[in-house]
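The structure under discussion appears below in the form of structure tokens.
2 protein chains.
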Amino acid sequence: MVGQALAAAETRIRLQTNSVEDEKQSRHRVVIVGGGFAGLYAARELGKDAAIEVTLVDRRNYHLFQPLLYQVATGALSPGDIAQPLRAILRRNCNTRVVLGEAVALEPAARRVVLSDGGTVEYDTLIVATGARHAYFGRDEWAPLAPGLKTIEDATEIRRRILIAYEAAEREADPARRAEWMTFVVVGAGPTGVELAGALGEIARDTLRRDFRSIRPADARVLLVEALDRVLPTYPEKLSQSARRQLERLGVTVRTSTKVTAIDDSGIDVAVRGEGSERSERISTRTILWAAGVQASSFGGRVAEALGVTTNRAGRVPVDSDLTVDGHPEVMILGDLAVAIWSGGKPVPGVAPAAIQEGIYAAKAIRRRVRGEAPQPFRYRDRGDVAVIGRLSGVADIRWLGRLGQRSGFIAWGMWLGVHIVYLIGFANRLVVIIRWAWSFLTHGRGTRLITGEPHLPPIKQPNRLD
Amino acid sequence: MVGQALAAAETRIRLQTNSVEDEKQSRHRVVIVGGGFAGLYAARELGKDAAIEVTLVDRRNYHLFQPLLYQVATGALSPGDIAQPLRAILRRNCNTRVVLGEAVALEPAARRVVLSDGGTVEYDTLIVATGARHAYFGRDEWAPLAPGLKTIEDATEIRRRILIAYEAAEREADPARRAEWMTFVVVGAGPTGVELAGALGEIARDTLRRDFRSIRPADARVLLVEALDRVLPTYPEKLSQSARRQLERLGVTVRTSTKVTAIDDSGIDVAVRGEGSERSERISTRTILWAAGVQASSFGGRVAEALGVTTNRAGRVPVDSDLTVDGHPEVMILGDLAVAIWSGGKPVPGVAPAAIQEGIYAAKAIRRRVRGEAPQPFRYRDRGDVAVIGRLSGVADIRWLGRLGQRSGFIAWGMWLGVHIVYLIGFANRLVVIIRWAWSFLTHGRGTRLITGEPHLPPIKQPNRLD
């Protein structure tokens, strides 16, 4: 009896051990490339599922809250305030491994991703969410002259350029050169361009008001140049008009129907579309910021090629209603890299809420598939858009409220604050951002306007006398 | 009567106007080179005096709170938390002008400073407070292999190296290489070295505990190498012993009487002094941090040369009891650049409180001289030293309390917190630092451990399999 019982117990133990082994062997391996909104939310959603093993690959060791990047570029926040280490976010997910690495190739037959260090990662399901970078419509030579805003390094470089421009103007006695230093051009009037231009207007009128002795920062010219005929072209026309008025109140000169034709190190050439005619114009400036046009990441292009899919003009990859690639149900593409079709043939917009929804959807779809169920198609829930322009001003378009949801000024600004605080990852970051914002609001200051990296002071044509 | 009164009033007005002009002409021009503790506190003290005109020249646009720089290097704080724009600090001082520029030469006969952009600044009194950089005892080839910690760029570079080392260890399957990545060596056991080593111990045991899947961060080795026979050599012996025990409790291996003889990219060679003998040893490591030895700034050397003064071995400039250079009562040298003699022939130490006292003293001495009075000699008030080692631990030596003021552990740690919060400039920064510290304390986390700059992933000899 005792002997039998012992033998039975032993078998049970052995079976359990086997099943742990089996389970490990049979765990569904999900590889996620890219730790932006889409990739991170997918990882979080998959992180508690014992039937799944997750590997998140990113070139960076942190998740970046990109919607607030322009605040780093304009000295209101520090990089550390809007970035959180991926390992810290996912540390409690025992089924998840984070790999700091650059994915360079996809081998779809072997179902594996190749990293730049020669390592490989095998997958059962692959999620590609490597996003987009800013693009210059084929004029890559403009990149060093007009930096865009996608990474922390971009943001600190833009911050450096803005601050150095005022410093150079303060030192420069030659009036023409001084005017060049005090002219700031933002190209592209989408949300990022509008937010940047609004912040530049505030810096000139408010933040730096009493900081200089030879120049009046309020004399700075901030131009927002847009090829289309209105700012925030994806918003309702009424809100575009309101945004324009709010920008002008901050001293920003808005130039719509104005296309950039050339950029060099002392200014830009633009073509201004009038009634039936076009005339060209030169704007002298030393600081040009690029907020027009994005291009899919290079790994995205390699994935499309490996899978034999044709991308659209911006390099984005078309996906089916379940966000998989046609003919490759094991590859999902999310976020800015994907062209998912929404209702009425419209593509899902390249915004953070869409990426978050896609990430969560992808995780749920994979879990369903692992359980042997078929996933529902992805449905984008468009909750609306909100952009901030400056102190107490902004525009919001909350779709489900219809016309009532189209708001300007103070209410839009408040909505924007709330939404951005709620979605910011990391509790300490949230508190720090609230404090910095409250402090900036009360003092009209921007505490983190540091010129980092080697200062590289610009050559001054005619230094003004300091004695 | 009325006519007479009017004429008298007019004369009075004219006299006033003249006196404003005269005053402007006769204002005493103080030029301060360097916006560290000494320069900044001098500028602040002079900022309200209408008889004086101040020009503060710095290569950087911010004041850096250097005592907390090691916290940026170890991911506890963001650069923006411990730096404040000089213009913002001094904006209310209407007699003060801030110049972003690099002082490259001194012309003592013409009483002017030459800037790198060709501009010049004339002075009646010059304050030179350009501080010191870390130095390699003539082995400058060690600089890229063992970065020191003086600037924000140094701090983010050190942070990058520490974090990349763990990432590389996680990816590396070769045991010898993995051990190299997981060995951290700090050279020099002064306050910075002790604080760095303590933080590295905490990162290994605490912060990263659950972050990795292939390695156990607690297996990391942290070595603190010091040529002298104890850590914190400027502290009382009892506190050195206590500091050593506290470091060892954090898992730090303390190697005193151990001198670095060579550094290459896979380790360091040391000479260990035993009883009458010396033996050499090799430590394999990929991460070496330099916290030994400082050297006066290069502008300091040029000033000494222009004034015909002989500097000491570290390039520091000897000054008289009123902090002026012998034979040049119009040139004051402050902070880490100066060798001021204190009581009993001891030099004033190169610490922040000394620099602050010297800055305030210099300003008061100048104001006295402008009023035609002779300044008192500088008297350094040594309030004591405090260094933090880790969570709830540190050492403090509060001199005026005598033996009672020699404290270890919790009390020293609390003193350190208080002092550093009080002296940190910028109210928002203070709040933000308090929040980050409180959050780190509660969660054992370090929120700002970002690898910024291009990631430059290290080559992995044998990438471990990820599938």
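In order, the protein sequence lines correspond to chains A and B.
First residue of the first sequence? That's 1076 in my numbering, and the numbers climb one at a time after it.
First residue of the second sequence? That's 1076 in my numbering, and the numbers climb one at a time after it.
Beta carbons: idealized from backbone N, C-alpha and C, even for Gly.
Just the chain E side, please: which residues come within less than 8 angstroms of A/E1242 by C-beta, in chain order?
Although the question refers to chain E, the structure presented lacks it and instead comprises the protein chains A and B.
How many Å lie between A/G1480 and A/A1471 at the Cα?
Each residue's alpha carbon lies about 7 angstroms from the other.
Which same chain residues, not among the five before or five after A/R1319, have their C-beta less than 6 angstroms away from its C-beta?
Once the five neighbours on either side are set aside, the close Cβ partners of A/R1319 are V1306, V1329.
What's the call for B/V1497, buried or exposed, on a 16-neighbour Cβ count within 10 Å?
B/V1497 should be labelled exposed.
Which residue's Cα is closest to the Cα of A/V1196: A/G1528, A/R1102, A/R1186, A/V1269?
Nearest of A/G1528, A/R1102, A/R1186, A/V1269 to A/V1196, Cα basis: A/R1186.
Which stretch, first to last residue, makes up the alpha helix (DSSP H) that contains A/Y1116?
It spans 1112 to 1121 - the alpha helix (DSSP H) in which A/Y1116 sits, taken as one unbroken run.
Pairs of beta-carbons, one from the region 1453 to 1469 of chain B and one from the region 1414 to 1431 of chain B, closer than 8 angstroms: are there three or more?
With a cut-off of 8 angstroms, the region 1414 to 1431 of chain B and the region 1453 to 1469 of chain B count as touching, because enough Cβ pairs lie within range.
Which term fits A/E1247, buried or exposed, when burial requires 16 or more other beta carbons within 10 angstroms of its beta carbon?
Answer is buried; the Cβ neighbour count reaches 16.
Quick check on the DSSP output: the alpha helix (DSSP H) that includes B/Q1432 runs from which residue to which?
1427 to 1445 is the extent of the alpha helix (DSSP H) around B/Q1432.
Can the beta-carbon of B/T1258 be found less than 9 angstroms from the beta-carbon of B/L1224?
In this structure, B/L1224 does not lie closer than 9 angstroms to B/T1258 by Cβ.
Out of curiosity, what's the CA-to-CA distance linking B/A1413 and B/G1349?
Taking the straight line from one Cα to the other gives about 36 angstroms.
For chain B, find out if any of its Cβ atoms is closer than 9 angstroms to the Cβ of A/T1360; answer yes or no.
No - not a single Cβ of chain B is within 9 angstroms of the one on A/T1360.
Spatial neighbours of A/S1396 within its chain, please: CB distance less than 7 angstroms, with the 5 preceding and 5 following residues excluded, ordered by chain position.
Correct list, in chain order: P1452, F1453.
Please return the same chain residues whose Cβ sits closer than 6 angstroms to the Cβ of B/A1302, not counting the five positions on each side in sequence.
Once the five neighbours on either side are set aside, the close Cβ partners of B/A1302 are K1334.
So the candidates are A/V1327, A/Q1537, A/G1263, A/A1163; which of them puts its Cα closest to the Cα of A/F1502?
Measuring from the Cα of A/F1502, the nearest candidate turns out to be A/A1163.
Who are the neighbours of B/R1285 on chain A, taking C-beta pairs under 7 angstroms?
The contacting residues are R1166.
Here's the rule: buried if 16 or more other CB atoms are within 10 angstroms of the residue's CB, otherwise exposed. What is A/T1523?
When all chains shown are included, A/T1523 counts as buried.
For B/E1405 and B/T1386, I'd like the C-alpha separation in whole angstroms.
Their Cα atoms are separated by approximately 18 angstroms.
Within the same chain, show all residues whose beta-carbon is closer than 6 angstroms to that of A/G1276, passing over the 5 residues directly before and after it, in chain order.
Excluding positions up to five away in sequence, the list reads V1297, L1325, G1326, V1327.
Return the residue from the list B/A1293, B/Q1432, B/A1389 that minimises the CA-CA distance to B/G1410.
Ranking the options by Cα distance to B/G1410, first place goes to B/Q1432.
Rounded C-beta distance between B/L1364 and B/I1233? I'm assuming under 8 angstroms.
That belief holds up - the Cβ atoms of B/L1364 and B/I1233 are roughly 6 angstroms apart, short of 8 angstroms.
Could you tell me the boundaries of the beta strand (DSSP E) in which B/D1175 lies?
One point to set straight first is that residue 1175 of chain B is Leu, not Asp, in the sequence displayed. Per DSSP, B/L1175 belongs to the beta strand (DSSP E) from 1171 to 1175.
For B/L1152, which three-state DSSP category applies?
Coil at B/L1152, not helix or strand.
For B/F1502 and chain A, any beta-carbon pair shorter than 9 angstroms?
Output row for B/F1502: interface = yes.
If contact means a Cβ-Cβ distance below 8 angstroms, which residues of the region 1337 to 1357 of chain B contact chain A?
Listed in sequence order: no entries.
Closer than 8 angstroms, Cβ to Cβ, to anything on chain A: give me those residues from the region 1368 to 1389 of chain B, in chain order.
Cβ contacts with chain A: none found.
Strictly below 8 angstroms CB to CB, what residues from chain A border B/S1579?
Past the edges of chain B, shown from 1076 to 1542, lies residue 1579 of chain B, and the structure says nothing about it.
Check each residue of the region 1204 to 1238 of chain B: if its Cβ is closer than 7 angstroms to any Cβ of chain A, include it; give the result in chain order.
For the region 1204 to 1238 of chain B, which is checked against every Cβ of chain A, the residues closer than 7 angstroms are I1227, E1228, L1238.
Could you give the residue range of the beta strand (DSSP E) that holds A/W1514?
Where A/W1514 is concerned, there is no enclosing beta strand (DSSP E), although the alpha helix (DSSP H) it sits in stretches over 1502 to 1518.
DSSP three-state label for A/E1323, please.
Looking at A/E1323 - three-state DSSP - the assignment turns out to be helix.
According to DSSP, is A/L1283 part of a helix, a strand, or is it coil?
DSSP places A/L1283 in coil when its eight states are reduced to three.
Using only alpha-carbon positions, find the residue among A/N1170, A/R1235, A/R1208, A/K1439 that is nearest to A/T1391.
Position check: residue 1391 of chain A holds Arg in this sequence, whereas Thr was assumed. Ranking A/N1170, A/R1235, A/R1208, A/K1439 by Cα distance to A/R1391 puts A/R1208 first.
Counting C-beta neighbours from all protein chains within 10 Å, is the total for B/S1468 16 or more, i.e. buried, or is it exposed?
Buried.
Of all the residues that make up the region 1506 to 1530 of chain A, which are near chain B by a beta-carbon distance shorter than 9 angstroms?
Against chain B - using a Cβ distance shorter than 9 angstroms - the residues of the region 1506 to 1530 of chain A are L1506, V1507, I1510, R1511, A1513, W1514, S1515, T1518, G1520, R1521, G1522, T1523, R1524, L1525, I1526, T1527, G1528, E1529, P1530.
Could you pull out every residue in the same chain whose Cβ sits closer than 6 angstroms to the Cβ of A/S1153, ignoring the five residues on either side in sequence?
Closer than 6 angstroms at the Cβ level, and outside the excluded window around A/S1153, lie T1523.
Kindly list the residues whose CB is nearer than 7 angstroms to the CB of A/A1126, restricted to its own chain and excluding five residues on each side of it in sequence; keep chain order.
Taken in chain order, the residues that qualify are R1102, H1103, V1445.
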